[in-house]
Each structure stands twice: as C-alpha cells, then as structure tokens.
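Chains R and A supply the protein sequences, listed in that same order.
Start counting the first sequence at 99; every next residue gets the next number (the numbering used here).
Start counting the second sequence at 99; every next residue gets the next number (the numbering used here).
Just so it is clear, CB atoms sit at the ideal spot from N, CA and C, and this is done for glycine as well.
Report on one structure; see the data block that follows.
Number of protein chains: 2
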Amino acid sequence: MYEGAVQELIDELGRLPGIGPKSAQRLAFHILEADTEDMQRLVRAIITVKERVKFCTVCGNVTEMELCNICRDDRRDPTVICVVEESKDVLAVERTRAFRGRYHVLGGAINPIAGIGPDQLRIRELLTRLNDSQIQEIIIATDPNLEGEATATYLSRMLKTIGITVTRLASGLPVGGDLEYADEVTLGRAFEGRRNALT
Amino acid sequence: MYEGAVQELIDELGRLPGIGPKSAQRLAFHILEADTEDMQRLVRAIITVKERVKFCTVCGNVTEMELCNICRDDRRDPTVICVVEESKDVLAVERTRAFRGRYHVLGGAINPIAGIGPDQLRIRELLTRLNDSQIQEIIIATDPNLEGEATATYLSRMLKTIGITVTRLASGLPVGGDLEYADEVTLGRAFEGRRNALT
C-alpha cells in the first residue's frame with residue numbers, strides 16, 4: 099500500500115498485541131513525523147529491555163539482576179508465597195499493600211487451546227521452592243477467568259498432597275476479567291477473604 | 099513502579115498516541131517476552147523509517163525518493179490537485195479509485211488551539227504549484243471536522259482570488275469523523291458529488 103519502509107513499519111507494529119491495522123498506521127505516521135531524538139529514546143528502551151531484563155531465578159518476576167527486588171528484600175515474609183500468572187500481577191498485588199510475603203510467577207495459565215499445559219508453566223520451580231521447610235502457605239492468585247481457574251484447581255489438587263496450606267483469593271474479584279485490572283480495594287478485600295482450596 | 103529498564107520502556111510507549119498506561123504496560127511485557135529477532139525487526143523498521151523516509155518535494159506525501167510515486171507517475175492527470183491533510187488521506191482517496199489527478203498534502207489542518215495556523219501548513223508550496231498554468235481544478239478534501247472545515251474555508255477564499263476552479267468533497271461523509279476512516283463507497287460518492295466552494 100505504502101512505499102517500502104513505511105509499510106514495513108506498519109506491518110511490524112501491527113504484529114504487536116492489541117494494535118489493529120488503523121492503529122499501526124497511526125503509530126507509523128507518528129513515528130515518521132516525530133522528533134528523531136524521541137524515537138531514538140524509544141528504540142534504546144526496547145533494546146535495553148531485551149538486553150538487560152531477565153527473570154528472577156527464584157520467583158520468575160522481571161528483574162535486571164539475579165534476584166528480583168522482592169526476593170532480595172529480607173523484610174518480606176518467607177513463609178507465604180503468592181502464586182500469580184504474570185509479573186504485572188505482582189505489581190497489581192503490591193499496589194493493594196495487603197500482602198507482605200513472596201511471589202511465584204507462573205508465566206501464564208493452563209490453556210489447552212493455546213497449547214499451554216502445566217509443563218509450560220513454572221510449576222516445577224514452585225515445587226522446588228516448597229522443599230524449603232519455612233513455607234507455610236501458598237496463596238493462589240491466578241486471574242479469575244477460565245484459564246486462571248483451571249490453573250488454580252490444578253495447583254490446589256497438586257499441592258494438597260504435599261500438606262501445605264493452600265488458599266485462593268476470595269470472591270469479590272469480577273469474574274471473567276483480568277486480575278491486573280481489578281481496583282486496589284477489590285483486590286485487597288479478595289486477599290483478606292481468601293479461603294481454603296478444595297472446600 | 100517496575101525496575102529501571104521495564105519502567106522506562108513503559109514510559110516511552112505511553113508517549114505514543116492512543117497508547118494508555120495499561121496498553122503501554124501490556125506492550126512492554128510483550129516486547130520483554132517476545133522473540134529477540136522479532137523485536138530487532140521492529141527496531142530496524144523504526145530506524146529505517148526515520149533514516150530513509152522523507153516528504154515529496156512537490157506534494158508533501160511520504161516517499162523514499164525526491165518525488166513520491168504519484169508525482170513520478172506520468173499517467174496521473176496534472177490538471178487536478180486534491181488537497182488533503184495527511185499522507186494517510188492520500189491512501190484513503192487512492193482506495194476509492196475515483197481520482198486520477200495529483201495530490202497536495204498540507205501536513206495538518208488549521209487548529210488555533212494547537213497553535214497551527216496557515217503558516218504551519220504547506221499552503222505556500224500549494225500556491226507555488228498553482229503558478230503551473232496546467233492546473234485547472236483544486237479539490238479540497240480535508241477531514242469533515244471542525245479543523246478540516248476551517249482549513250477548507252480558508253483555502254477556498256484564498257484560491258478564489260486566483261481564478262482557479264475550487265471544489266470541495268460532497269456531503270455524504272459522516273460529520274465529525276476522520277476522512278481516513280470513511281469507507282470506499284462513501285468517499286467515492288463524496289468525490290463524484292463535489293460542489294463549488296463558497297456557494
């Protein structure tokens with residue numbers, strides 16, 4: 099449609115999640131007309147993230163070091179682990195200030211249609227952490243949608259056999275939504291009202 | 099909120115038009131988790147556009163050469179010029195196949211609140227082109243919104259004194275919208291039904 103480079107940029111932008119053809123075109127023209135310095139900053143930010151950002155070897159959260167800032171923090175309660183799907187969910191829970199334990203980021207949820215089973219998630223790493231006798235409770239805080247519920251049920255059944263207290267966030271979260279979009283009060287209440295798994 | 103590089107990327111993405119804080123976060127995590135090769139392609143596409151893409155010295159449309167592909171095309175009618183706000187509007191008009199003349203891209207519309215007056219648009223360049231005695235008609239195809247209408251009225255009044263036929267796209271375009279979003283049939287009809295300016 100357009101000449102070479104512009105169309106290529108539109109195509110690349112259109113591959114990003116949530117960017118339709120019209121948005122891709124609008125963004126491409128913005129980039130085209132924007133200050134070269136601003137666009138260099140954007141490009142540098144992308145390159146830096148790809149080069150520097152890794153995943154915490156303990157919990158799977160994003161970090162630029164070996165351990166994320168929560169795993170490095172001695173003041174966090176090592177006896178409770180909150181299991182979430184993504185790093186952005188860690189931030190959502192942190193915003194509630196209702197939780198002072200540690201996290202475990204699964205890297206997604208069970209979704210057979212997308213080919214994601216338990217083996218594609220960081221469940222083995224969670225089991226390894228449970229060898230640490232300090233851990234007394236696992237709070238499952240997956241998204242309150244179909245995939246998140248399936249993941250929570252799978253984890254509850256598996257962890258039950260180990261004999262650790264496993265809880266799930268209370269209802270109060272809007273069903274069918276994304277955990278990261280819940281407001282602080284709702285998510286905080288859900289933490290307070292967490293219930294025993296499999297009851 | 100996040101550690102250094104991730105937050106910087108979220109901030110940079112959030113500066114793009116139409117990207118809110120949640121979208122910026124979602125995009126940043128996509129970039130973080132995406133294939134490095136895919137992200138290198140995106141980065142290269144941005145850099146290439148900034149390096150190679152320029153504006154046609156005649157009409158102001160985007161191009162990688164001195165002249166855009168329409169200005170280089172001898173088969174295009176040199177007696178009619180369609181004046182649009184942006185390069186993306188050229189593509190929208192091209193899709194209708196209702197127009198075989200040349201274009202003039204203003205680079206925006208008159209918008210006093212944003213500090214854009216006639217001097218910030220490529221109106222002087224349009225007047226220079228009108229010294230070419232071949233040109234018989236100017237079709238004003240600015241967006242059918244407040245700024246576009248103001249620009250059309252300004253141009254109509256100015257061009258009237260020169261004695262060239264000045265027309266505007268027919269009503270049929272949805273008012274308050276963006277020209278680039280009109281469907282082909284509507285935009286094609288608007289071309290057919292164009293009327294004399296200032297009548």
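Query, Result
"Per the DSSP calculation, C169 of chain A is bridged to which residue(s)?", "For C169 of chain A, which the question treats as bridged, DSSP gives no partner whatsoever."
"Listed from N- to C-terminal order along the chain, which residues in the stretch 115-138 of chain R have their beta-carbon within a distance smaller than 9 Å of any beta-carbon of chain A?", "P115, G116, I117, K120, S121, Q123, R124, L125, A126, F127, H128, I129, L130, E131, A132, T134, D136, M137 and Q138"
"Roughly how many angstroms separate the alpha carbons of I221 of chain A and R124 of chain A, rounded to a whole number?", "41 Å"
"Just list the residues that DSSP pairs N178 of chain A with in beta bridges.", "Strictly speaking, residue 178 of chain A in this sequence is Val, with Asn absent from that position. Per DSSP, A:E235."
"Compare the Cα-Cα distances from C154 of chain A to each of A:C166, A:E290 and A:V147 and report the closest residue.", "A:C166"
"Given this structure, state the Cα-to-Cα distance separating L140 of chain R from T251 of chain R, to the nearest angstrom.", "41 Å"
"How big is the Cα-Cα spacing for A280 of chain A and P119 of chain A?", "29 Å"
"My understanding is that I129 of chain A touches I144 of chain R, with C-beta atoms under 8 Å, so please give their C-beta distance in whole angstroms.", "6 Å"
"Tell me, please, which residues DSSP counts as bridged to F153 of chain A.", "A:V160"
"Please list the terminal residues of the continuous alpha helix (DSSP H) segment that includes R222 of chain A.", "I221 to L228"
"When you check each C-beta in the stretch 144-158 of chain R against every C-beta of chain A, which residues fall closer than 8 Å?", "I144, I145, T146, V147, K148, R150 and V151"
"Determine the DSSP secondary structure at Y201 of chain R, reduced to helix, strand or coil.", "strand"
"Ignore the nearest five residues each way along the sequence and tell me which others in L267 of chain A's own chain have a CB closer than 6 Å to its CB.", "A239, A288 and R292"
"Quick one: what's I214 of chain A bridged to in DSSP?", "A:N209"
"Tell me the rounded alpha-carbon separation between R174 of chain R and C157 of chain R.", "13 Å"
"Using a cut-off of 7 Å between C-beta atoms, extract the partners of E110 of chain A located in chain R.", "R139, L140 and A143"
"Answer yes or no: do S121 of chain A and F127 of chain R have a C-beta to C-beta separation smaller than 8 Å?", "no"
"Answer with buried or exposed for T134 of chain R, where buried requires no fewer than 16 other C-beta atoms within 10 angstroms of its C-beta.", "exposed"
"Quick one: does T161 of chain R have its CB under 8 Å from some CB of chain A?", "yes"
"List, in chain order, every chain R residue whose beta-carbon is nearer than 9 Å to that of E106 of chain A.", "R139, R142, A143, T146 and V147"
"If you measure between the beta carbons of T146 of chain A and A196 of chain R, is that distance less than 8 Å?", "no"
"Give the C-beta separation of C169 of chain A and I237 of chain A to the nearest angstrom, bearing in mind that I take them to be a contact with Cβ-Cβ under 8 Å.", "Contact flag wrong, Cβ pair sits at about 16 Å."
"By the three-class DSSP mapping on this structure, what secondary structure does R255 of chain R have?", "helix"
"Are there any heavy atoms of the ligand HEM lying less than 7 Å away from the beta-carbon of I179 of chain R, as far as the coordinates show?", "With respect to the ligand HEM, the structure offers nothing, as it holds no ligand at all."
"Cα-Cα, which of A:D136, A:D171 and A:K152 is closest to M163 of chain A?", "A:K152"
"Name, in chain order, the residues that DSSP records as bridge partners for V264 of chain A.", "A:I236"
"Between the alpha carbons of A246 of chain R and E192 of chain A, how many angstroms are there, rounded?", "Inspection of the sequence shows that residue 246 of chain R is occupied by Gly rather than by Ala. About 47 Å."
"Per DSSP, P293 of chain A is paired with what?", "Note on residue identity: the sequence assigns Arg, not Pro, to residue 293 of chain A. Answer by DSSP bridge pairing, in chain order: A:R266."
"With distances taken Cα to Cα, identify the nearest neighbour of R96 of chain A among A:L244, A:D171, A:A212 and A:I211.", "The structure shown does not extend to residue 96 of chain A, since chain A is modelled only from 99 to 297, so the question has no answer here."
"Can you give the Cα-Cα distance for Q138 of chain R and R142 of chain A, rounded to whole angstroms?", "11 Å"
"Would you say A212 of chain R faces chain A, with C-beta separation under 8 Å as the test?", "no"
"Taking the alpha carbon of L204 of chain A as the reference point, which residue from A:T194, A:P210 and A:V188 has its own alpha carbon closest?", "A:V188"
"Compute the distance between the beta-carbons of L277 of chain A and A190 of chain A, then report whether it is under 8 Å.", "yes"
"Please classify L114 of chain R: does DSSP put it in a helix, a strand, or coil?", "coil"
"If distances are taken between C-alpha atoms only, which option among R:G112, R:L107 and R:T177 comes closest to R150 of chain A?", "R:L107"
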